[in-house]
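There are 2 protein chains.
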Amino acid sequence: MSPAKIPRPAAELAADAIAVRDSTIPAAYRLPKNTQLPKNVTTVLESSGILSAAELAIVDLDATRLAEAIAARKYSAVEVTTAYVKAASVAQQVTNCLVELFAAEALERAAELDAEFERTGKVTGPFHGVPVSIKDHLDVKGHDSPSGFLDMIGNVAKEDAHMVEILRNAGAVFYCKTTNPQSLMHLETECYLGVTASPWNTDLTAGGSSGGEGALIGMKGSPIGIGTDIGGSVRSPAAACGIYSFKPSVRRLPYGGANIPVGPAGYEGILGTHGPMARGVDDLEKYMRLVASTEPWKRDPTVVSDPPSLDVKPWREVTPKRLRVGILRDDGVVRPVAPIRRALDAAVAKLKASGDFDVVDYAPFRSADNWEIISALYWPDNGKAVYDHIAGTGERVVPLTEWIISQAGGRQRSTEELWQLVARRDAFRSAFAAHWQAAGIDILLTPVGPSPAPAHNTARYWNYTSFWNLVNYPAVVFPTGAHVDPATDAEDGAYSPRNDAEAYVYDCYDAAQSEAAPLCLQTVGYIGYEEETLWATKKIVEAIQK
Amino acid sequence: MSPAKIPRPAAELAADAIAVRDSTIPAAYRLPKNTQLPKNVTTVLESSGILSAAELAIVDLDATRLAEAIAARKYSAVEVTTAYVKAASVAQQVTNCLVELFAAEALERAAELDAEFERTGKVTGPFHGVPVSIKDHLDVKGHDSPSGFLDMIGNVAKEDAHMVEILRNAGAVFYCKTTNPQSLMHLETECYLGVTASPWNTDLTAGGSSGGEGALIGMKGSPIGIGTDIGGSVRSPAAACGIYSFKPSVRRLPYGGANIPVGPAGYEGILGTHGPMARGVDDLEKYMRLVASTEPWKRDPTVVSDPPSLDVKPWREVTPKRLRVGILRDDGVVRPVAPIRRALDAAVAKLKASGDFDVVDYAPFRSADNWEIISALYWPDNGKAVYDHIAGTGERVVPLTEWIISQAGGRQRSTEELWQLVARRDAFRSAFAAHWQAAGIDILLTPVGPSPAPAHNTARYWNYTSFWNLVNYPAVVFPTGAHVDPATDAEDGAYSPRNDAEAYVYDCYDAAQSEAAPLCLQTVGYIGYEEETLWATKKIVEAIQK
Chain A
1 MSPAKIPRPA AELAADAIAV RDSTIPAAYR LPKNTQLPKN VTTVLESSGI LSAAELAIVD
61 LDATRLAEAI AARKYSAVEV TTAYVKAASV AQQVTNCLVE LFAAEALERA AELDAEFERT
121 GKVTGPFHGV PVSIKDHLDV KGHDSPSGFL DMIGNVAKED AHMVEILRNA GAVFYCKTTN
181 PQSLMHLETE CYLGVTASPW NTDLTAGGSS GGEGALIGMK GSPIGIGTDI GGSVRSPAAA
241 CGIYSFKPSV RRLPYGGANI PVGPAGYEGI LGTHGPMARG VDDLEKYMRL VASTEPWKRD
301 PTVVSDPPSL DVKPWREVTP KRLRVGILRD DGVVRPVAPI RRALDAAVAK LKASGDFDVV
361 DYAPFRSADN WEIISALYWP DNGKAVYDHI AGTGERVVPL TEWIISQAGG RQRSTEELWQ
421 LVARRDAFRS AFAAHWQAAG IDILLTPVGP SPAPAHNTAR YWNYTSFWNL VNYPAVVFPT
481 GAHVDPATDA EDGAYSPRND AEAYVYDCYD AAQSEAAPLC LQTVGYIGYE EETLWATKKI
541 VEAIQK
Chain B
1 MSPAKIPRPA AELAADAIAV RDSTIPAAYR LPKNTQLPKN VTTVLESSGI LSAAELAIVD
61 LDATRLAEAI AARKYSAVEV TTAYVKAASV AQQVTNCLVE LFAAEALERA AELDAEFERT
121 GKVTGPFHGV PVSIKDHLDV KGHDSPSGFL DMIGNVAKED AHMVEILRNA GAVFYCKTTN
181 PQSLMHLETE CYLGVTASPW NTDLTAGGSS GGEGALIGMK GSPIGIGTDI GGSVRSPAAA
241 CGIYSFKPSV RRLPYGGANI PVGPAGYEGI LGTHGPMARG VDDLEKYMRL VASTEPWKRD
301 PTVVSDPPSL DVKPWREVTP KRLRVGILRD DGVVRPVAPI RRALDAAVAK LKASGDFDVV
361 DYAPFRSADN WEIISALYWP DNGKAVYDHI AGTGERVVPL TEWIISQAGG RQRSTEELWQ
421 LVARRDAFRS AFAAHWQAAG IDILLTPVGP SPAPAHNTAR YWNYTSFWNL VNYPAVVFPT
481 GAHVDPATDA EDGAYSPRND AEAYVYDCYD AAQSEAAPLC LQTVGYIGYE EETLWATKKI
541 VEAIQK
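Rendered as structure tokens:
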């Protein structure tokens, strides 16, 4: 018999996990111990000297251009992977965005891809040689998926998640897993590995729950990655880190192999989806086209099938048309703060100036009801699964974990009450569909949140993103190119908040503290209109970024 | 103050309801009191002398041909409606298939349609002037929807069900509502209005739960009607009455305005769908094309959207191909009885003889597990809602109501157990998708049930239909053209049943008792492949009926 194990304190376990993670960063790519870091660490990639000029050029490309360059033999997969291992190493050291870096495995895979390409003259697939980063709670074969909980360390995945397998078969190179918060349910990213910061201002959150992806891609430490979203989790990090992301309607992408350790299996009251996080709308579309081309519904019967004919051509081509764009400036509960209003005003002005769009105001719809319904739907077990994992090691309860669970009302609902909640959800969805159709818009342009990336531990207003989860509309986040400028973006204090939620957001916002935070916006299309949403977004982004 | 009401006995209430229903049959269309009816009442339509030769020709047409004839001014809507009011009156008297006939309203509507067509030269829509029958639990504005429960009489619908509205806008004429069983959950049709019989042999059930539709359409008392299906409810009646029906995947058709008084709102463990019941595959497709053309997902966000482009063409055209047809002869639990085996053998022989199909055997998959899971999913409240309605008046509990509820295990499951059940459902669906895809078939050909229409009060084996509800595959029922012939279809008694369910089916089956029962078969396609399933079925039916 082996002696009974004495449980180790959670703080020691966490320190060990951090040390193990840090040890995965190759020694050659570590920053000197005494490096003085600016708040805006986006400059460190270049200033560190770790990447050559050629490597800096590689990590400047989006996934679409990178794949084209590899297919054109401009770069080998090994060259590309080496550049990204270096960039991810730097990104980790300045934003704390990784759970694991596995450089050796990635370089071996890249070498195989190069050899195969050399031998056959053909690329493996549309992601041949493209490094793809993966949010921790999605399984990558042979790697751990602690998913933000200390007690889940050590369960090595035997299989790739369905989505990961699709990318692997398409030639992707996996090289790292990225942080997500304890409970997976913050619009920030804090777990036993600590806090993940925005590359643009490390006093601010990277957003969440796919904050590791946001920070890594924002640092050019990844061209494209996979996040997940049930309330804003690919969109909040994209906004906080100045990148692009896409949350499709649920059931258009396969979800198998995602660890969802925070609620009961078989519960369907609110569903999440994964979605791509990347450097441009082209990359988002490239990802969606790839998934559709594999006919994922044949393996995963929960995925909405999309066969235009017995000869399947699953991604629908969009017929160009003049777009009618709705503008949602204020959700009726929390008015966005000054820089967000400025970014939206500038965007509207550019859309109008282009002459290519019909731009109309769009009225908000029952935002407070949305939160009452969805925040309760999140926790059918009143947080039991989360607290069970926390109790597994006695790890610290992150304050936002406690806060988000408390939003459900602080008690276990009965079976009947849960059914009533779902019926309320459905009634809300129907009523909102009528509101949307009455407006007659093709696409909505709206903030991603009421403020730029909040300071750590303060992101509590989810409605600008979670609304689109409750009603299940596809939504894209993109950078406008502008950033917070303390000189122009201060609030003058004259505005009287209409409620506590708004008062909290205005109390938290400080233009000086938010310096350099990216200003991003969100587009929203109708349920199931993923193709159209991306197409329309591309047109809008082209006009706004001009 | 009004005096307190003394509740009347349920038997009196039922007798009143029957008398009210009977009074809706126009006196001129009543059969003489002493009419001697054969068991096969399909001949009575002609022998009754109630319909003229011209009217008999009208009710011989399927909905597609009927709509064409009206649009070509061969028949007026009033002529057509008159013929169908007569035919439905006869059908009611010989099969007990109606809840209400509203001839005057229908004729008024038909006259309006005729006048409009005369005035504009244009038909209102693809169902201009076509009578459409509606299963009772779907709301038709201005009419009652008792839905099989005595205590629900008297709640007049203020709006059409979404699907009913679509048909009304397309020019349909509503003239009757058809019976469904108490609890909506029998593969037979018995409620306070009595038992609905198969037109081919009134000793046998019309099937259920859309048994009123089955009997009415089987009697040529309707060209097309709407049923609903969560375990076989459009397919069992089609098989029992020798007609066509289609159960699509859930969420392709809008379900708003269906009264589902037998379970909790907000429960999603197993979902039903409505579906057309008609005289041919063309009619089923006509119905699906109509619904798609209205973009029903814009009003009902639970409907799977299907926008091929920003210019919506929602019904996908199928690219012709050679079909690989799987044959499922035995589900591994209950082998079909002799006439069903004969019908399937004959069909396979014709498919092979045509040379147009690749025909392969298909292995059954865990049928017993299917029943264990789906029968429990049916009753999350252990039948409470049903028994509450029954208690409302003290009406008699129909034996099959008690039986089907007892299949769930006879106890209320906890919230956690219900989640586990849904997780089991999802695992089953995934495993079955792998089984299906491994077979590489385009379409499956299989019995609709283990026997022809059972004698009243004996239909207890649901797996040949309910399996396709649990896995959510679209399925079509069609008549082979053959009927039970006691001379050739007797079981010799040599077969040893493998289990109690099989023993029960073989005990119940009697070739002489089943005389003239129609022999129908079922095709099944992949989830979401509604277009392809109907297209492939049409090819198969053409080959088999040749």
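Note that the protein sequences, when read in sequence, are chains A and B.
Read left to right, the first sequence gives residues 1 to 546 (UniProt numbering).
Read left to right, the second sequence gives residues 1 to 546 (UniProt numbering).
Yeah, the Cβ is synthetic: ideal placement off N, Cα and C, and Gly gets one too.
Worksheet item: In the DSSP assignment, what are the bridge partners of A:H456?
Response: A:H456 is not bridged to any residue.
Worksheet entry | Residues bridged to A:A258 [DSSP beta-bridge criterion] | A:L138
Worksheet item: What distance in whole Å lies between the Cβ atoms of B:T465 and B:R235, which are believed to be in contact at a cut-off of 8 Å?
Response: Confirmed, Cβ separation roughly 5 Å.
Fill in: For A:Q522, the first and last residue of its enclosing beta strand (DSSP E)
P518 to V524
Worksheet item: At a Cβ cut of 7 Å, what residues of the region 527–545 of chain B count as close to chain A, listed as they run along the chain?
Response: For the region 527–545 of chain B, the residues whose beta carbon sits under 7 Å from a beta carbon of chain A are, in order, I527, G528, Y529 and E532.
Item to complete: Rounded to whole angstroms, what's the CA-CA distance from A:V94 to A:K352? Just pull it up for me.
Response: Taking the Cα positions, A:V94 is about 40 Å away from A:K352.
Worksheet entry | Proximity to B:N499 [Cα-Cα], best of B:R341, B:V471 and B:V334 | Among B:R341, B:V471 and B:V334, the Cα nearest to that of B:N499 belongs to B:V334.
Item to complete: Alpha carbon to alpha carbon, how far is A:F174 from A:I25? Give it in angstroms, no decimals.
Response: 15 Å
Worksheet item: For the beta strand (DSSP E) that A:V477 lies in, which residues bound it at each end?
Response: In the DSSP assignment, A:V477 falls within the beta strand (DSSP E) that extends over A475 to H483.
Discussion item. Going by DSSP in three states, A:N201 sits in which element: helix, strand or coil?
Written reply: DSSP places A:N201 in strand when its eight states are reduced to three.
Worksheet item: Is A:P518 closer than 9 Å to A:A453 when the C-beta atoms are compared?
Response: Going by C-beta atoms, A:A453 is nearer than 9 Å to A:P518.
Discussion item. Contact criterion: CB-CB distance below 9 Å. Does B:R109 meet it with respect to chain A?
Written reply: No, B:R109 does not count as interfacial toward chain A.
Item to complete: Examine chain A for any beta-carbon lying closer than 9 Å to the beta-carbon of B:P380, and answer yes or no.
Response: yes
Item to complete: Output yes or no for whether 9 Å exceeds the beta carbon distance between B:R299 and A:A434.
Response: yes
Discussion item. Can you pull the chain B neighbours of A:T415, defined as C-beta to C-beta under 8 Å?
Written reply: Scanning chain B for C-beta atoms nearer than 8 Å to the C-beta of A:T415 yields P380, S414, T415 and L418, reported in chain order.
Worksheet item: Would you say B:W200 reaches chain A, if we count a Cβ-Cβ gap shorter than 9 Å as a contact?
Response: no
Worksheet item: How is the alpha helix (DSSP H) around A:T179 delimited, first residue to last?
Response: Note, A:T179: premise wrong, no alpha helix (DSSP H); not H, not E.
Discussion item. Which of the three DSSP states is assigned to B:V132 in this structure?
Written reply: strand
Practice prompt. For B:A172, count neighbouring C-beta atoms within 10 Å of its own C-beta (all shown protein chains included) and say buried if the count is 16 or more, exposed if not.
Written response: buried
Worksheet entry | Within the region 373–423 of chain A, ranges of the alpha helix (DSSP H) (whole runs, at least 4 residues) | Qualifying alpha helix (DSSP H) stretches, in chain order: 384–393 and 399–406.
Discussion item. Quick check on A:A10: does DSSP put it in helix, strand or coil?
Written reply: helix
Fill in: Bounding residues of the beta strand (DSSP E) (the contiguous stretch that carries B:G218)
Here B:G218 belongs to no beta strand (DSSP E); instead the alpha helix (DSSP H) covers G211 to G218.
Item to complete: Kindly give me the distance between the Cβ atoms of residue 558 of chain B and B:T393, rounded to whole angstroms, as I take these residues to be in contact under 8 Å.
Response: No answer is possible for residue 558 of chain B: it lies beyond the span of chain B, which begins at 1 and ends at 546.
Worksheet item: How would you list, in chain order, the residues of chain B whose beta-carbon sits under 7 Å from the beta-carbon of A:P38?
Response: Those do not exist, as A:P38 stays about 45 Å from chain B at its closest Cβ, beyond 7 Å.
Worksheet item: Quick one: is B:K5 buried, meaning 16 or more other Cβ sit within 10 Å of its Cβ, or exposed?
Response: exposed
Discussion item. Measuring CB atoms only, is the region 485–496 of chain B touching the region 426–442 of chain B, in the sense that at least three cross pairs come out at less than 8 Å?
Written reply: Segments in contact, no.
Worksheet item: According to the neighbour-count rule (16 or more other Cβ atoms, all chains shown, within 10 Å of its Cβ), is A:V422 buried or exposed?
Response: buried
Worksheet item: From this set, B:A278, B:R424 and B:A265, which residue's C-alpha is nearest B:V476's C-alpha?
Response: Ranking B:A278, B:R424 and B:A265 by Cα distance to B:V476 puts B:A278 first.
Worksheet item: What residues in its chain sit with their C-beta under 8 Å from that of A:R168, if we drop five residues either side in the sequence?
Response: D160 and F174
Practice prompt. Taking only beta carbons into account, state which residues of the region 465–482 of chain A come closer than 8 Å to chain B, listed in chain order.
Written response: V471 and N472
Discussion item. Does the structure place the region 60–76 of chain A close enough to the region 204–211 of chain A that three or more beta carbon pairs sit under 8 Å?
Written reply: no
Worksheet item: According to the neighbour-count rule (16 or more other Cβ atoms, all chains shown, within 10 Å of its Cβ), is A:Y495 buried or exposed?
Response: exposed
Discussion item. Does B:Y529 come out as helix, strand or coil in the three-state DSSP assignment?
Written reply: coil
Discussion item. Beta carbons nearer than 8 Å to chain B: which residues of the region 292–306 of chain A have them?
Written reply: W297, K298, R299, D300, P301, T302, V304, S305 and D306
Practice prompt. For B:A501, collect the residues of the same chain with a Cβ closer than 8 Å to its Cβ; drop the 5 residues on either side in sequence, then sort them by chain order.
Written response: Closer than 8 Å at Cβ, skipping near neighbours: V333, V334, R460 and Y461.
Practice prompt. Answer yes or no: does any C-beta atom of chain B fall closer than 9 Å to that of A:G449?
Written response: no
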